[in-house]
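Chemist: Position one of the sequence shown corresponds to residue -7 (our numbering), numbered consecutively onward.
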Amino acid sequence: MRALFTTTAGSGHFHPLVPVAQALTEAGHEVAFAAPRSFGPTVEASGFRAFPAGRDDAAGMDPELAGLLGHLQQLSTQEGSTAEGNAFMIAHVFGGYNARRAVPDLLALCRNWTPDVVVRETAEFGGAVAAEAAGIPHAAVQIGHFFDFTAFRDRLSAQLDPVRRAVGLPPDPDLQMLYRYLLLAFVPPSYQDPAALRPRTMHHLRTVVFDRSGREAAPAWLGPDLDRPVVYATFGTELPNIPFLGVFPALFQAVLEGLRDETGTLVVTVGRGKDPAELGPQPPHVHVERYVPQSLLLPHCDLVVTHGGHNTVLAAVGHGLPVVVIPIAADQPENAQRCAELGLGRVIGPDDRTPAAIGAAVREVLRDPRYRQNAQRLRDEMEALPGPERGVELLERLAAEREPLVADA
């Protein structure tokens, strides 16, 4: 079987696809990825063949995309900007701009590389359009709370329908295309928002975190003898690079100021695109790094301070660790809300991102054992689910039967 994976650029979009792609490879199937050309080296460094598809920023940012991102920046300054910004980003950037540019390349791959199934991440829509136009069954892998687009369905379908029409497909006002055949949700069922859409083709699998798309290894200071408690702070790989969000350096400085004088060890990662030296010198018990794979770091930690990125939250839960969530954008407010509802930790809102509030939240979560107990309970639920090998079985069935795979009730 040949499986073509499609992804937008960005670790948070690509990493969730890797465990099932690796499982397919180990089962003897042929796997390739289609991604923006600039992201190809990351795919190849992770051991997969990469085909260029869609936007190509090598010669500079396209004026249309620059205009869309400029509007997104304007939205970020307005009241209620997170929800409106999310809707705009999903509909106009992912659903309109990205899909429109990716579909011709993906259709050519469907003709020439002849995959038996297309597997996309839930914010990449071109793969579904191209697969339907080529008559190939397709699956989606959930990468966050953005699998339920009900709140802005009309806006998204208005952008996708012209893309569909250009390849001879009828309108899809209810977005039936997205999960027509199969949705792989690598999350425990109780983590999902009870009010969210539950497609009948959604199958829950055990979270397997992939975070080794670079050459980073464990730093020399990391080991079992760190002073306790060990608090790890991260705001992801992408947000620190977006100036108007104010993550770097301001939010990192607030974390350092709020936690630097606490007993124990503080670990901060600023992302591959930032220089830790810009945050100034730190005392010996504070370690500031660009990127440390969380699979290497979290076994040594007691608590995670995070922006509420889907992958980081699930990685923390997978180690039974409580969290302090400081949501910034995208689906992070939704992740933060679920963390609060499930008693996994504390949430710090946009008006409270002060050193004092961060320090107080960390102390409370470390002091109250119920947060860790709740995280461990969710970890146990996660570990009881079938792993990526079940995803392989489902994709094999999909390629053979070419019919929707409805989950058991």
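Quick reminder that beta carbons are idealized off the backbone N, C-alpha and C, glycines included.
Taking DSSP as the reference, what is the three-state secondary structure of V325?
Modeler: Along the sequence shown, one-based indexing puts residue 325 at 333. The sequence shown places Pro at residue 325, not Val. Here P325 sits in helix by DSSP.
Chemist: Looking only at C-alpha atoms, which of R252, V284, L197, T257 sits nearest to L271?
Modeler: Here residue 271 is taken as the residue at index 279 of the sequence shown, counted from 1. Checking every option, the nearest Cα to that of L271 belongs to R252.
Chemist: Give the C-beta separation of L334 and N366 to the nearest angstrom, bearing in mind that I take them to be a contact with Cβ-Cβ under 8 angstroms.
Modeler: Numbered from its first residue, the sequence shown carries residue 334 at position 342. Numbered from its first residue, the sequence shown carries residue 366 at position 374. At roughly 6 angstroms, the Cβ-Cβ gap stays under 8 angstroms, so L334 and N366 are in contact.
Chemist: DSSP beta-bridge partners for A26?
Modeler: Position 34 of the sequence shown, counted from the start, is the residue given in the question as residue 26. A26 pairs with T(-2), F43.
Chemist: Would you say the stretch 317 to 329 touches the stretch 74 to 87, given that touching needs at least three Cβ pairs under 8 angstroms?
Modeler: A contact is defined here as three or more CB-CB pairs under 8 angstroms, and the stretch 317 to 329 meets this definition with respect to the stretch 74 to 87.
Chemist: Looking at the structure shown, is A19 part of a helix, part of a strand, or coil, going by DSSP?
Modeler: Taking the sequence shown and counting its residues from 1, one reaches residue 19 at position 27. Coil.
Chemist: Compute the Euclidean distance between the alpha carbons of Q14 and A391, then round it to the nearest angstrom.
Modeler: For the purposes of this step, residue 14 is taken as the residue at position 22 of the sequence shown. For the purposes of this step, residue 391 is taken as the residue at position 399 of the sequence shown. The straight-line gap from Cα to Cα measures roughly 18 angstroms.
Chemist: Report yes or no: do three or more beta-carbon pairs, one from the stretch 47 to 67 and one from the stretch 314 to 323, lie closer than 8 angstroms?
Modeler: The stretch 47 to 67, when compared against the stretch 314 to 323, does not touch it at the 8 angstroms Cβ threshold.
Chemist: Is it buried or exposed, V398, if we count other Cβ atoms within 10 angstroms and call 16 or more buried?
Modeler: In the sequence shown, counting from the first residue as 1, residue 398 sits at position 406. Exposed, since its Cβ has fewer than 16 Cβ neighbours within 10 Å.
Chemist: Here's the rule I'm using: 16 or more other beta-carbon atoms within 10 Å means buried, otherwise exposed. How should F236 be labelled?
Modeler: One-based indexing of the sequence shown puts residue 236 at position 244. When all chains shown are included, F236 counts as exposed.
Chemist: Since A115 contacts L99 with CB under 8 angstroms, what's their CB separation in whole angstroms?
Modeler: In the sequence shown, residue 115 corresponds to position 123, counting from 1. In the sequence shown, residue 99 corresponds to position 107, counting from 1. The Cβ separation is near 20 angstroms, so there is no contact.
Chemist: Roughly how many angstroms separate the alpha carbons of R(-6) and P11, rounded to a whole number?
Modeler: Against the sequence shown, residue -6 aligns to sequence position 2. Against the sequence shown, residue 11 aligns to sequence position 19. Whole-angstrom Cα-Cα distance: 16 angstroms.
Chemist: Just to confirm, does A100 get its C-beta within under 7 angstroms of one of the non-hydrogen atoms of the ligand MN?
Modeler: Summarising the ligand content, the structure contains no ligands, and the ligand MN is consequently not present.
Chemist: Between which two residues does the beta strand (DSSP E) harbouring E281 extend?
Modeler: In the sequence shown, the residue the question calls residue 281 occupies position 289. Residues 278 to 281.
Chemist: Which residues in the same chain have their Cβ closer than 8 angstroms to the Cβ of L386, if we skip the five residues on either side of it in sequence?
Modeler: Here residue 386 refers to the residue found at position 394 of the sequence shown. If we look at L386 and ignore the five residues flanking it on each side, its Cβ neighbours are A131, L174, L176, H195, L397.
Chemist: Run through the DSSP bridge pairs and tell me what A131 is partnered with.
Modeler: Taking the sequence shown and counting its residues from 1, the one referred to as residue 131 is at position 139. According to DSSP, A131 bridges with V111.
Chemist: Which residues bound the alpha helix (DSSP H) around R338?
Modeler: Start at 1 with the first residue of the sequence shown, and residue 338 comes out as number 346. Careful: R338 lies outside any alpha helix (DSSP H), inside the beta strand (DSSP E) at 337 to 339.
Chemist: Measuring straight from C-alpha to C-alpha, what distance separates G250 and G238?
Modeler: The residue given as residue 250 occupies position 258 in the sequence shown. The residue given as residue 238 occupies position 246 in the sequence shown. If I take the Cα positions, the gap works out to 17 angstroms.
Chemist: When the Cα atoms are used, what is the spatial distance from L167 to V85?
Modeler: Residue numbering aside, residue 167 sits at position 175 when the sequence shown is read from its first letter. Residue numbering aside, residue 85 sits at position 93 when the sequence shown is read from its first letter. Answer to the nearest angstrom: the Cα atoms are 17 angstroms apart.
Chemist: Output needed for V296: all residues of its chain with C-beta closer than 6 angstroms, excluding positions within five of it in sequence on either side, in chain order.
Modeler: Residue 296 sits at position 304 when you count from the first residue of the sequence shown. So the qualifying residues of the chain are Y224, A308, L313, V315.
Chemist: Between which two residues does the beta strand (DSSP E) carrying M374 extend?
Modeler: What you label residue 374 is simply residue 382 of the sequence shown in a count that begins at 1. Looking at the DSSP string, M374 is not in any beta strand (DSSP E); the run it does join, the alpha helix (DSSP H), is 361 to 375.
Chemist: List the whole-angstrom C-beta distance separating P180 from E373, where the pair is believed to meet the contact cut-off of C-beta under 8 angstroms.
Modeler: The count along the sequence shown starts at 1 and reaches residue 180 at position 188. The count along the sequence shown starts at 1 and reaches residue 373 at position 381. Contact holds; Cβ gap of about 4 angstroms.
Chemist: May I have the straight-line CA-CA distance separating A42 from H5, to the nearest angstrom?
Modeler: Walking along the sequence shown from the start, residue 42 turns up at place 50. Walking along the sequence shown from the start, residue 5 turns up at place 13. When rounded, the distance between both Cα atoms is 15 angstroms.
Chemist: Does the distance from the CB of G2 to the CB of E230 come in under 8 angstroms?
Modeler: One-based indexing of the sequence shown puts residue 2 at position 10. One-based indexing of the sequence shown puts residue 230 at position 238. Closer than 8 angstroms, so yes.
Chemist: Pick helix, strand or coil for H5, following the three-state DSSP scheme.
Modeler: Position 13 of the sequence shown holds residue 5. Note: H5 maps to helix in three-state DSSP.
Chemist: How would you write the range of the alpha helix (DSSP H) that A122 sits in, first residue to last?
Modeler: Numbered from its first residue, the sequence shown carries residue 122 at position 130. Segment 118 to 126, the alpha helix (DSSP H) holding A122.
Chemist: State the beta-bridge partners of M194 as determined by DSSP.
Modeler: If you number the sequence shown from 1, residue 194 lands on position 202. Paired residue(s): L175.
Chemist: Between the stretch 285 to 300 and the stretch 209 to 228, do at least 3 Cβ pairs fall closer than 8 angstroms?
Modeler: yes
Chemist: Please go through the same chain and pick out, in chain order, the residues whose beta-carbon is closer than 7 angstroms to the beta-carbon of V305, but skip the five residues on each side of it.
Modeler: Position 313 of the sequence shown holds residue 305. By the criterion of a C-beta distance shorter than 7 angstroms, V305 is surrounded in its chain by T298, V315, N327, C331, once the five residues flanking it on both sides are discounted.
Chemist: How about R198 and P8: are their beta carbons less than 8 angstroms apart?
Modeler: One-based indexing of the sequence shown puts residue 198 at position 206. One-based indexing of the sequence shown puts residue 8 at position 16. Cβ atoms of R198 and P8: not closer than 8 angstroms.
Chemist: Is it the case that the Cβ atoms of V200 and P380 are separated by a distance below 8 angstroms?
Modeler: Counting from 1 along the sequence shown, the entry for residue 200 is found at position 208. Counting from 1 along the sequence shown, the entry for residue 380 is found at position 388. Cβ atoms of V200 and P380: closer than 8 angstroms.
Chemist: Starting from the N-terminal side, write out each stretch of the alpha helix (DSSP H) that is 4 residues or longer and does not extend beyond the stretch 241 to 312.
Modeler: 244 to 251, 286 to 289, 302 to 310
Chemist: Have a look at V111 and L61 and give me their C-alpha separation to the nearest angstrom.
Modeler: Residue mapping note: residue 111 aligns to position 119 of the sequence shown, counting from 1. Residue mapping note: residue 61 aligns to position 69 of the sequence shown, counting from 1. V111 and L61: Cα-Cα distance of roughly 27 angstroms.
Chemist: With 16 as the cutoff for other CB atoms within 10 Å, does N90 come out buried or exposed?
Modeler: Position 98 of the sequence shown, counting from 1, holds the residue named residue 90. Result: buried.
Chemist: In the structure shown, what three-state DSSP assignment does V412 receive?
Modeler: Lying outside -7 to 401, the shown extent of the chain, residue 412 is not represented and no answer is given.
Chemist: Can you tell me where the alpha helix (DSSP H) holding T346 begins and where it ends?
Modeler: As a first step, residue 346 must be located in the sequence shown, where it is residue number 354. Membership of T346 in any alpha helix (DSSP H) is not indicated, and neither H nor E is assigned to it by DSSP.
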